[in-house]
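Residue numbers (our numbering), protein chains in the order written: chain P, 21 to 288; chain V, 21 to 288; chain D, 21 to 288.
Quick reminder that beta carbons are idealized off the backbone N, C-alpha and C, glycines included.
Just so you know, these numbers come straight off a predicted model, no measurement behind them.
Notes for the one structure printed next.
Below you can see the structure in the form of structure tokens.
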């Protein structure tokens with residue numbers, strides 16, 4: 021059945037995966053609330069003194085260098101080491117990579133440390149693959165379609181899943197390309213919906229790691245969960261303040277059947 | 021009268037205590053909004069260059085090492101010095117102590133600097149007392165009952181009040197043990213409800229320091245205020261996004277009588 | 021026509037100015053959501069390695085030293101250099117200047133680097149002008165009227181616009197003084213409404229820089245937009261949690277005519 025990937029939503033709620041987020045200060049609160057509403061447990065342990073230790077007990081790790089202090093860069097490097105040693109899946113969100121030189125260099129340095137998934141917008145994925153110059157701040161200037169080659173290149177290089185967020189989302193692994201139509205444009209007007217999707221991707225990977233659900237399906241399910249919640253929120257709210265509230269509510273309320281009926285999945 | 025502790029709510033609103041929060045980046049915004057809604061004034065002055073100076077003008081200080089950068093640790097140490105010199109009550113929230121070694125060492129180093137109150141979950145309080153290993157990230161794995169001995173030990177050692185948050189809250193000082201039944205499970209699904217309770221505890225201590233209300237009653241009242249607001253919010257909302265909004269509203273709207281009628285206080 | 025300044029709201033929505041915010045951790049999320057709701061694009065690029073580079077592509081820069089780490093101070097200095105070199109307008113929000121010695125010294129050091137606008141409360145503006153001692157944390161203890169001389173002094177010294185927030189707002193440039201009556205007292209109970217107004221001021225300046233709208237009118241319009249949204253929110257909500265949601269909604273929904281009909285502008 022085409023929507024079997026949705027079983028992972030049930031696993032997230034059953035396993036309440038502990039997700040360690042090394043992420044930017046702008047979205048920490050929202051990311052934590054997204055994880056809690058979705059059924060996961062957040063912990064923003066990001067200092068070099070603690071991040072490796074914690075990555076060994078976490079079920080998933082998010083690395084998002086959105087506002088990277090020197091100390092947080094060190095914390096990220098340590099967390100990745102800790103995650104790899106412990107076999108904890110980690111997710112790379114290359115925020116604004118391409119657009120800014122220091123973080124581009126940093127992301128290029130960690131992309132080969134086997135992230136289980138990469139999640140970004142088209143311009144970030146294109147830039148991370150070395151195929152383009154990046155977007156405008158956190159906004160993409162490339163189309164999702166234009167990022168397909170870059171995503172495939174990165175998927176092969178990392179052995180992980182690469183997800184490109186946009187009007188339609190693109191989920192790519194070495195031998196599979198899936199398109200997901202879901203969500204609502206209003207998601208762009210609430211800060212942190214993209215960044216927290218990176219964290220939720222880590223939650224889904226952590227919750228399904230011992231199941232027969234593939235990493236590709238887990239990443240797809242995380243995106244479908246967020247997209248469906250965006251659609252439900254858009255039915256209830258038409259401005260971004262109340263939309264953000266309705267979005268968190270919907271992440272919590274929505275069940276797998278509702279997600280399946282709201283989103284459109286297409287294997288390419 | 022059993023609920024005389026509730027007079028402190030009135031004092032918070034009259035005195036608008038200035039609460040200096042050295043807290044983690046995840047909950048800064050929510051903590052500030054909780055303080056404002058409850059009637060206090062927040063100021064997150066946390067750098068070593070300014071924290072001691074500010075602790076002398078603040079009415080209460082919160083120390084919560086949830087995402088502790090090296091610089092913030094220094095700021096905390098300075099703030100505690102400034103608070104003690106000025107006689108400003110300070111509150112220790114030992115987030116994830118026990119679970120992570122560096123912050124455990126730090127918390128053990130400051131616990132003897134006479135915090136007016138300690139507020140944590142059962143596992144954190146047990147670990148801080150040296151009686152156990154801590155929880156899972158920010159989640160408790162010990163029951164509140166199991167933390168009674170640790171709370172009493174810490175209360176005697178510090179001369180302050182120790183509050184253990186859980187299904188029922190436990191408020192302990194050297195010669196008194198109070199159980200508080202209040203709140204709603206949904207509070208666990210909104211990030212920062214626990215951390216902001218630490219800040220509100222500092223607000224209540226600061227607002228009542230020159231009154232005849234005991235520190236024990238002030239800490240109890242802070243917990244009752246939050247618990248009652250959680251109950252009111254749960255009557256209005258059944259998912260965490262709208263619950264968080266209703267919780268802030270209820271902190272602002274609720275009066276002492278309503279708190280008294282909603283919570284259940286039991287001296288042990 | 022007295023309300024011609026309101027054309028700048030249309031320009032903000034047309035041009036979606038990219039606003040680089042070097043601001044305090046407490047209000048980053050709220051500031052980003054305010055900018056998005058108003059029609060701008062936020063980017064919190066604040067490290068010394070990236071801030072100058074980004075200031076050259078941003079349309080406006082906000083400098084708000086609310087929780088200033090040593091690294092963020094360096095980032096601010098670099099961002100101002102980058103902004104000046106590129107001709108990007110930058111806004112100074114002197115949070116708690118006067119009340120705390122280190123940030124006062126820092127603000128005094130950058131005030132002569134030609135901020136396009138300064139936005140603060142009365143006590144902050146008075147202290148920045150060297151005419152008084154500052155307020156209580158982030159709260160003003162001077163009246164807006166009492167800050168007129170300080171605002172005029174700073175406007176002449178910087179060549180920019182100086183805005184004093186209060187019960188009525190005061191917008192001052194070298195040869196013009198405008199009073200704005202708008203807003204609602206509930207705005208004071210939501211953290212970040214003042215700080216995000218600084219960011220929105222940068223958005224308005226950035227969006228109108230190539231138009232025939234004066235910087236004075238752009239700053240005035242930013243304040244009117246926020247004030248009107250506060251008034252609309254106050255019609256829908258009577259407690260700060262739901263007020264904050266309604267405020268973001270109103271920033272998004274309100275059009276120039278509605279702003280004009282809600283606020284009261286008076287040239288002095």
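Residues that residue i contacts on chain V, provided the C-beta gap is smaller than 9 Å
i, result
"residue 56/P", "208, 209, 210, 211, 260"
Proximal residues of chain V, C-beta to C-beta of residue i below 7 Å
i, result
"residue 205/D", "Those within 7 Å of residue 205/D in chain V number zero; the least Cβ separation is about 12 Å."
"residue 84/P", "Going along chain V, no residue has its Cβ under 7 Å from residue 84/P, so there is no contact; the nearest lies around 13 Å."
"residue 73/P", "120, 121"
Within chain D, partners of residue i - CB distance below 9 Å
i, result
"residue 267/P", "Result: empty, since nearest Cβ-Cβ is about 12 Å, beyond 9 Å."
"residue 49/V", "45, 46, 47, 48, 49, 50, 211, 212"
"residue 69/V", "88, 90, 120, 121, 122, 123"
"residue 101/V", "Those do not exist, as residue 101/V stays about 16 Å from chain D at its closest Cβ, beyond 9 Å."
CA-to-CA distance, residue j to residue i, given in whole angstroms
i, j, result
"residue 261/P", "residue 267/P", "10 Å"
"residue 51/V", "residue 162/P", "38 Å"
"residue 284/P", "residue 218/V", "45 Å"
"residue 233/V", "residue 102/V", "24 Å"
"residue 201/D", "residue 189/D", "6 Å"
"residue 289/D", "residue 54/V", "Missing from the structure shown is residue 289/D; chain D here goes from 21 to 288 and no further."
"residue 43/D", "residue 230/P", "42 Å"
"residue 296/P", "residue 206/P", "Since the displayed chain P opens at 21 and closes at 288, residue 296/P lies outside it and no answer follows."
"residue 280/D", "residue 272/D", "15 Å"
"residue 41/D", "residue 126/D", "17 Å"
"residue 221/P", "residue 177/V", "45 Å"
"residue 22/D", "residue 288/P", "Bear in mind that a pLDDT of 43 at residue 22/D, under 50, signals an unreliable position, so the number given afterwards is only what the model happens to contain. Looking at the two C-alpha atoms, the distance is approximately 58 Å."
"residue 131/V", "residue 186/P", "49 Å"
"residue 210/P", "residue 277/V", "38 Å"
"residue 153/P", "residue 264/V", "40 Å"
"residue 282/V", "residue 251/V", "8 Å"
"residue 25/D", "residue 129/V", "57 Å"
"residue 171/D", "residue 274/V", "40 Å"
"residue 139/P", "residue 99/D", "28 Å"
"residue 74/P", "residue 120/V", "7 Å"
"residue 94/D", "residue 69/D", "9 Å"
"residue 137/P", "residue 173/P", "13 Å"
"residue 203/P", "residue 224/D", "30 Å"
"residue 105/V", "residue 227/D", "49 Å"
For residue i, the residue or residues it bridges with in DSSP
i, result
"residue 189/V", "200/V"
"residue 141/P", "185/P"
"residue 41/V", "82/V"
"residue 165/D", "Looking at the DSSP assignment, residue 165/D forms no beta bridge with any residue, so it has no partner."
"residue 287/P", "198/P"
"residue 61/D", "38/D"
Rounded distance between the beta-carbons of residue j and residue i, thought under 8 Å
i, j, result
"residue 80/D", "residue 215/D", "Between residue 215/D and residue 80/D the Cβ distance is about 15 Å, and since that is not below 8 Å, they are no contact."
"residue 148/D", "residue 117/D", "5 Å"
"residue 47/P", "residue 78/P", "Their Cβ separation, rounded to whole angstroms, is 18 Å, which puts residue 47/P and residue 78/P out of contact at 8 Å."
"residue 110/D", "residue 88/D", "Rounded, the Cβ-Cβ distance is 16 Å, inconsistent with contact."
"residue 92/V", "residue 66/V", "6 Å"
"residue 45/P", "residue 71/V", "Wrong, their Cβ atoms sit about 19 Å apart, outside the cutoff."
"residue 63/P", "residue 36/P", "Not a contact, Cβ separation roughly 12 Å."
"residue 241/V", "residue 29/V", "6 Å"
"residue 365/D", "residue 239/D", "For residue 365/D there is no data in the structure shown, the boundaries of chain D being 21 and 288."
Residues that residue i contacts on chain V, provided the C-beta gap is smaller than 8 Å
i, result
"residue 65/P", "87, 116, 120, 157"
Per-residue contacts from residue i into chain D (C-beta, under 8 Å)
i, result
"residue 272/V", "209, 259, 260, 261"
"residue 79/V", "The premise fails here: residue 79/V is roughly 10 Å from chain D at the closest Cβ pair, so nothing lies under 8 Å."
Partners in chain D for residue i, counting only beta-carbon separations shorter than 7 Å
i, result
"residue 35/V", "What residue 35/V touches in chain D: nothing, since even the nearest Cβ is about 12 Å away."
Under 7 Å by beta carbon: chain P residues contacting residue i
i, result
"residue 25/D", "Simply none; closest approach about 24 Å."
"residue 141/D", "Those within 7 Å of residue 141/D in chain P number zero; the least Cβ separation is about 24 Å."
Taking only runs that begin and end inside the stretch 219 to 262 of chain D, name each unbroken alpha helix (DSSP H) of 4 or more residues, in chain order.
235 to 256
Ordered list of alpha helix (DSSP H) runs contained in the stretch 87 to 140 of chain P, each at least 4 residues:
90 to 106, 121 to 130
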